[in-house]
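Heads up: the structure comes next, in structure tokens.
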Amino acid sequence: MKNLFTTKYKGDIIGIISGFDRELISGSIVQLTYTKGLLRHLRANHILLKDFKKYAISLAQQLKENAKELAEKNNAPYIYLNDSKHRNEEIVKEIITKRGDHPGLVAVITNLELEYSFDIRWNKDEKKIELKPRKRKCLHIYFYFIDKDYGLCFFRVQTYFPFKVKVYCNGHERLALDMKKANIKHIKCDNCFTWIEDIEKAQAISNRIDVSKFHTKLDSWVEQYVPIIKRLSKLWDMKYHWSIKQIEYSTDIIFKSEERLNILFEQLLNYCNNTVLPENVMSFLGKKLSGKQSGRIQSSCRKTYNGFRIKHQCGALSIKMYNKAGNVLRVEVTINDLHEFTVFRKVHHKDGTVSKEKAVVEKTIYSLIHIIRIAKDCTRRYLDFIAKMNDNSRGISELSEFTNRKTEGNKNYKGFNPLNEFEHRIFQALSSGVLIAGGFRNKHLRKYLEEYFDEQWTTSKVSRLLKRLIVFNLVKRVKNSYKYYLTEKGRIIITMFLKLKNLTVVPALSELLENNLQAA
Numbered sequence: 014m015k016n017l018f019t020t021k022y023k024g025d026i027i028g029i030i031s032g033f034d035r036e037l038i039s040g041s042i043v044q045l046t047y048t049k050g051l052l053r054h055l056r057a058n059h060i061l062l063k064d065f066k067k068y069a070i071s072l073a074q075q076l077k078e079n080a081k082e083l084a085e086k087n088n089a090p091y092i093y094l095n096d097s098k099h100r101n102e103e104i105v106k107e108i109i110t111k112r113g114d115h116p117g118l119v120a121v122i123t124n125l126e127l128e129y130s131f132d133i134r135w136n137k138d139e140k141k142i143e144l145k146p147r148k149r150k151c152l153h154i155y156f157y158f159i160d161k162d163y164g165l166c167f168f169r170v171q172t173y174f175p176f177k178v179k180v181y182c183n184g185h186e187r188l189a190l191d192m193k194k195a196n197i198k199h200i201k202c203d204n205c206f207t208w209i210e211d212i213e214k215a216q217a218i219s220n221r222i223d224v225s226k227f228h229t230k231l232d233s234w235v236e237q238y239v240p241i242i243k244r245l246s247k248l249w250d251m252k253y254h255w256s257i258k259q260i261e262y263s264t265d266i267i268f269k270s271e272e273r274l275n276i277l278f279e280q281l282l283n284y285c286n287n288t289v290l291p292e293n294v295m296s297f298l299g300k301k302l303s304g305k306q307s308g309r310i311q312s313s314c315r316k317t318y319n320g321f322r323i324k325h326q327c328g329a330l331s332i333k334m335y336n337k338a339g340n341v342l343r344v345e346v347t348i349n350d351l352h353e354f355t356v357f358r359k360v361h362h363k364d365g366t367v368s369k370e371k372a373v374v375e376k377t378i379y380s381l382i383h384i385i386r387i388a389k390d391c392t393r394r395y396l397d398f399i400a401k402m403n404d405n406s407r408g409i410s411e412l413s414e415f416t417n418r419k420t421e422g423n424k425n426y427k428g429f430n431p432l433n434e435f436e437h438r439i440f441q442a443l444s445s446g447v448l449i450a451g452g453f454r455n456k457h458l459r460k461y462l463e464e465y466f467d468e469q470w471t472t473s474k475v476s477r478l479l480k481r482l483i484v485f486n487l488v489k490r491v492k493n494s495y496k497y498y499l500t501e502k503g504r505i506i507i508t509m510f511l512k513l514k515n516l517t518v519v520p521a522l523s524e525l526l527e528n529n530l531q532a533a
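Heads up: the sequence shown begins at 14 in this note's numbering, then just goes up one per residue.
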């Protein structure tokens, strides 16, 4: 992916890898998702409305028995969670630590969740019972398993009509397995890669998406975890229709140095916080600010377990930036509604004709190909924007090195505090024109120090100060002599901090205090 940011920092990065991250796929039996369709199914199977609940419970019981049987067969725990204090992911992580990461069923976790469903209601006006759609709590079964092709996934099935399912998988898990098969060495940390032997080959693998294979895999999971599909298809063939509920596409820029990224990322956060406007957010997403956008446009910055992340959001779309695993800068595009984007595609009209025109992206899993292009374009525009930032990393690094403690030869040397009165006077002595012009010895520096301090400076005390200045590269000793001189870095830093205190800090503080006293 060509962009201005990676071009600007090409000397600092190992490479760039893009691919899917979090994938949430929703599955539904279309005939059972609306009232008329479900009524048609009940009539065809000679099930009266008064027996609907009994029929639904029998199907739910079959799902529960299948889940318990699979858990017992695979020696996996069957857990019922009756509260929201425990997270499924944490429980599964503990189980994997004990069992290992070999393919197979990891755990079966069940809990009650609110979901769209159906119920029988008495109609007072018509004086008859009716089938009504409503949200209700029902048992959901989560099958956590490790697939040989897709890594750790979960398959959630609703145990009541319309028996919706939800599938989770992670693109980085799949890419790691594909790279292993292709003998590409890599280092994976959490869900990102900190080093890849052949990034170009890895990117080619990431771009190769076989949706038909994925569709077949989803159907095979249905056969395994939703055995009632055969019973429901007794008269009419019923299959799950797969659609994209949420998709994340991330671009990871792998830096050579963790320290380099940390300094740069802090500047990027400040830059984006202070410069990104609503029109910028819309331009990242390939849209115009027209006032017709769905949802509020906002930018937010918060701390996560990885560090800090900044998020730019417009309704169901967002683009995030954060640092992961120390040396990885991630830009991630999240799409919760594919209808927010348009593409040129085949459109089937009601009169039976087919035309190719601009239309909203379909939510089907076969739109994954479109998502790759859309997400890459969003990421490129965002990276081009942050590349305009003036990089002060070198100055920040030098300042950090100058003010922080250093260790040399098992001895610690404290950093310099330019606002401290004691060290400010040392800088004043060192900035003397005579010392700068011809260099100086211990006795010369001692003489000037005693002009700025009331105390007496001994030779040993000045020697310790000189050693500290040498460690921080502010002063250098002439080879085979006792003569010293200020380095170029030393001259710049000392002059800068003297000006900072005398011309900026002190006058500004005096003015502030004077204004406060007048106000009082």
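Heads up, the beta-carbon is just placed ideally off N, CA and C, and yes, glycines get one too.
Proximity of residue i and residue j at Cβ, strictly below 8 Å
{"i": "Tyr202", "j": "Cys182", "result": "Looking at the sequence provided, one finds Cys at residue 202 rather than Tyr. Cβ atoms of Cys202 and Cys182: not closer than 8 Å."}
{"i": "Leu51", "j": "Phe158", "result": "no"}
{"i": "Leu448", "j": "His457", "result": "yes"}
{"i": "Pro146", "j": "Ala120", "result": "no"}
{"i": "Thr347", "j": "Met14", "result": "no"}
{"i": "Pro431", "j": "Phe510", "result": "yes"}
{"i": "Ile122", "j": "Tyr155", "result": "yes"}
{"i": "Leu487", "j": "Leu478", "result": "no"}
{"i": "Phe65", "j": "Leu144", "result": "yes"}
{"i": "Tyr395", "j": "Ile332", "result": "yes"}
{"i": "Ser314", "j": "Leu282", "result": "First, the residue type needs correcting, since residue 314 is Cys and not Ser in the sequence shown. Yes. Within cutoff."}
{"i": "Val344", "j": "Thr264", "result": "yes"}
{"i": "Ile385", "j": "Tyr262", "result": "yes"}
{"i": "Lys177", "j": "Ile197", "result": "no"}
{"i": "Ile26", "j": "Phe268", "result": "yes"}
{"i": "Leu342", "j": "Gly40", "result": "no"}
Cutoff 6 Å; reference residue i; Cβ partners in own chain excluding five residues on either side
{"i": "Leu17", "result": "Asp397, Ala400"}
{"i": "Thr19", "result": "Ile29"}
{"i": "Val356", "result": "Val374, His383"}
{"i": "Gln75", "result": "Ile241"}
{"i": "Ser368", "result": "Val360"}
{"i": "Lys77", "result": "none"}
Cβ separation of residue i and residue j, assumed to be a contact under 8 Å, to the nearest whole Å
{"i": "Met295", "j": "Ile310", "result": "7 Å"}
{"i": "Leu188", "j": "Ser219", "result": "5 Å"}
{"i": "Ala329", "j": "Gly304", "result": "Not quite, the Cβ-Cβ distance comes to about 17 Å (not below 8 Å), so this is no contact."}
{"i": "Leu274", "j": "Asn204", "result": "The Cβ separation is near 18 Å, so there is no contact."}
Limits of the beta strand (DSSP E) - the one that residue i falls within
{"i": "Lys198", "result": "Run containing Lys198: none; DSSP gives neither H nor E here."}
{"i": "Lys258", "result": "254-268"}
{"i": "Ser312", "result": "310-317"}
{"i": "Leu127", "result": "117-136"}
{"i": "His228", "result": "Note, His228: premise wrong, no beta strand (DSSP E); alpha helix (DSSP H) at 224-238."}
{"i": "Ser11", "result": "What is shown of the chain runs 14 to 533, which leaves residue 11 out entirely."}
{"i": "Leu381", "result": "Not the beta strand (DSSP E): Leu381 falls in the alpha helix (DSSP H), residues 381-399."}
{"i": "Ile92", "result": "91-93"}
{"i": "His325", "result": "320-327"}
{"i": "His361", "result": "355-361"}
Which listed residue (the options) has its alpha carbon closest to that of residue i
{"i": "Glu468", "options": "Ser380, Ser233, Phe435", "result": "Phe435"}
{"i": "Leu298", "options": "Tyr238, Leu513, Lys324, Ile242", "result": "Lys324"}
{"i": "Glu421", "options": "Lys230, Phe485, Cys391", "result": "Phe485"}
{"i": "Lys474", "options": "Asn455, Val491, Ile483, Leu487", "result": "Asn455"}
{"i": "Lys502", "options": "Asn417, Leu412, Phe466", "result": "Leu412"}
{"i": "Asn349", "options": "Ala388, Ile104, Ser368", "result": "Ala388"}
{"i": "Gln237", "options": "Ala84, Lys492, Arg112", "result": "Ala84"}
{"i": "Lys150", "options": "Asn95, Phe429, Lys21", "result": "Asn95"}
{"i": "Arg169", "options": "Trp249, Val180, Lys161, Asn340", "result": "Val180"}
{"i": "Cys327", "options": "Glu527, Val105, Gln306", "result": "Gln306"}
{"i": "Gly451", "options": "Lys424, Tyr426, Glu414, Arg490", "result": "Arg490"}
Nonlocal neighbours in the same chain, by C-beta distance under 7 Å from residue i, ignoring five residues either side
{"i": "Gly560", "result": "The structure shown does not extend to residue 560, since the chain is modelled only from 14 to 533, so the question has no answer here."}
{"i": "Gly184", "result": "Gly32, Phe33, Asp34, Glu36"}
{"i": "Ile257", "result": "Ile38, Leu351, Lys376, Ile378, Ser380"}
{"i": "Leu302", "result": "Pro291, Glu292, Met295"}
{"i": "Gly117", "result": "Asn87, Phe158, Ile159"}
{"i": "His437", "result": "Pro431, Lys514"}
{"i": "Ile108", "result": "Pro90, Val119, Ala120"}
Boundaries (first-last residue) of the alpha helix (DSSP H) holding residue i
{"i": "Asp160", "result": "Taken as a continuous stretch (DSSP letters only), Asp160 belongs to no alpha helix (DSSP H), being part of the beta strand (DSSP E) at 141-160."}
{"i": "Ser71", "result": "65-86"}
{"i": "Ile27", "result": "Element bounds for Ile27: not the alpha helix (DSSP H) but the beta strand (DSSP E), 26-41."}
{"i": "Lys111", "result": "101-112"}
{"i": "Ala442", "result": "434-443"}
{"i": "His54", "result": "48-57"}
{"i": "Met509", "result": "501-512"}
{"i": "Asn16", "result": "Taken as a continuous stretch (DSSP letters only), Asn16 belongs to no alpha helix (DSSP H), as it is neither H nor E."}
{"i": "Gln216", "result": "212-220"}
{"i": "Lys480", "result": "472-484"}
{"i": "Ile276", "result": "271-288"}
Proximity test, Cβ basis, 8 Å: residue i and chain B
{"i": "Pro175", "result": "No chain B is present in this structure, which holds just one protein chain."}
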